[in-house]
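K.L.:
Counting in the numbering used here, the sequence shown runs from 539 upward without gaps. Ideal placement from N, C-alpha and C gives every residue a C-beta, glycine not left out.
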Amino acid sequence: MIKYDTFYMQCPKCGAWLEGHIVKSEMVNKSILYSDGKTLNDNYITEPQKIIVCPSCSHWFWVNDYKEPVVTSKKPEVPYYNWNHWRFFGIHFNSVEGRLALVSHYKQFLQSIDNDKDKELYIRRLMWWAYNDLVRNNYQMHLRYLFTGKMSFNVWRKNRVKQIQGRMMFKKLHDEYLENMKALLVLLKGRYTPDDEEYESSILEIIELYREMGEYEEAQKILNTISRRTHYIAYIEKEVKKRHDFVFLVAG
Ligand SMILES: [Zn+2]
539 MIKYDTFYMQ
549 CPKCGAWLEG
559 HIVKSEMVNK
569 SILYSDGKTL
579 NDNYITEPQK
589 IIVCPSCSHW
599 FWVNDYKEPV
609 VTSKKPEVPY
619 YNWNHWRFFG
629 IHFNSVEGRL
639 ALVSHYKQFL
649 QSIDNDKDKE
659 LYIRRLMWWA
669 YNDLVRNNYQ
679 MHLRYLFTGK
689 MSFNVWRKNR
699 VKQIQGRMMF
709 KKLHDEYLEN
719 MKALLVLLKG
729 RYTPDDEEYE
739 SSILEIIELY
749 REMGEYEEAQ
759 KILNTISRRT
769 HYIAYIEKEV
779 KKRHDFVFLV
789 AG
């Protein structure tokens, strides 16, 4: 089954062609979901990448909607850069260095958006996820994960070393991680009303931000106003009660 749609777009500055993929919407429910909202499908982030750095001329530009005429499904007749050349600025998600490079990219983008709140929200949310990437798969460190048989002992052992490195770096960057979450919270609070499509997800995001900031009372206060208990909400509440502040795997 083809999980992705392929598209092509052109750098507005130098005209270079870029090829990319976007996950088909019907595949999203087959994805892996984390408590901070980051969703992966086949290890690819399902959130469309709105900031592109051209691999040919380094110019960076925004793509808000992956629709015609910004993108086309028609393959260009000239050579093009494939997705790996520009996807998340060519960083490697699997190394601590790559994750740190991603954070640096977002810091740089934040400085050039002229107080545009929509853009700031997008960048800060992805930056939050990038910090969390350092500890996102810490659950794989535990012995019980080895016993699931998903990794051989050698792979597990090497992965464990990487997870520990990520955790150390996360601890080191904790102040700036908190600072970004605080700014994200300010952007989200009061942004949507119950009539907005984004309202419910923004409330869950606010609860999760409070939890990860270690402000469990605030998180619980909002949880008490929600009568619906989905698997996701029940899980967050459990972690709030345990006073756990790490990102966790919800489903997948
Ligand atoms: Zn270019």
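To which residues does DSSP link I741 through a beta bridge?
P.N.:
Answer by DSSP bridge pairing: none, since I741 is not bridged.
K.L.:
Measuring alpha carbon to alpha carbon, tell me which of A789, E736, L742 ends up nearest E775.
P.N.:
Among A789, E736, L742, the Cα nearest to that of E775 is on L742.
K.L.:
Have a look at I702, Q703, R698, M665 and flag the residue whose alpha-carbon is nearest the alpha-carbon of K720.
P.N.:
Checking every option, the nearest Cα to that of K720 belongs to M665.
K.L.:
Measuring alpha carbon to alpha carbon, tell me which residue in N718, K551, K612, Y770 is nearest F599.
P.N.:
The shortest Cα separation from F599 among N718, K551, K612, Y770 belongs to K551.
K.L.:
Measuring only the C-alpha atoms, how far is S563 from Y582?
P.N.:
Rounded to the nearest angstrom, the two C-alpha atoms are 14 Å apart.
K.L.:
What would DSSP say about E524, mapped onto helix, strand or coil?
P.N.:
Coverage of the chain is limited to positions 539 through 790, which leaves residue 524 absent and any answer about it impossible.
K.L.:
For the segment 587 to 605 against the segment 568 to 579, are there 3 or more C-beta pairs whose distance is under 8 Å?
P.N.:
No contact exists between the segment 587 to 605 and the segment 568 to 579.
K.L.:
Between the alpha carbons of P607 and K710, how many angstroms are there, rounded?
P.N.:
Near 44 Å, if we compare the C-alpha coordinates of K710 and P607.
K.L.:
Please confirm whether V609 and Q587 have their CB atoms less than 9 Å apart.
P.N.:
For V609 and Q587, no; Cβs fall outside 9 Å.
K.L.:
Less than 8 Å separating the Cβ of H597 from some heavy atom of ligand 1?
P.N.:
Yes, ligand 1 has a heavy atom inside 8 Å of this Cβ.
K.L.:
State buried or exposed for H712, treating a residue as buried only when at least 16 other CB atoms are found within 10 Å of its CB.
P.N.:
So H712 ends up on the exposed side.
K.L.:
For Q649, collect the residues of the same chain with a Cβ closer than 6 Å to its Cβ; drop the 5 residues on either side in sequence, then sort them by chain order.
P.N.:
Answer for Q649: no residue qualifies.
K.L.:
Using C-beta distances below 7 Å, list every residue in its chain close to F740, excluding the 5 sequence neighbours before and after it, in chain order.
P.N.:
For clarity, residue 740 is Ser in the given sequence; the question names Phe instead. Around S740: L726, R729, Y730.
K.L.:
Considering only C-alpha positions, which residue in the set G628, Y542, F786, Q758 is nearest to K779?
P.N.:
The shortest C-alpha separation from K779 is found at Q758.
K.L.:
Beta-carbon within less than 8 Å of L684's beta-carbon, same chain only, minus the 5 sequence neighbours each way: which residues are those?
P.N.:
Correct list, in chain order: F691, W694.
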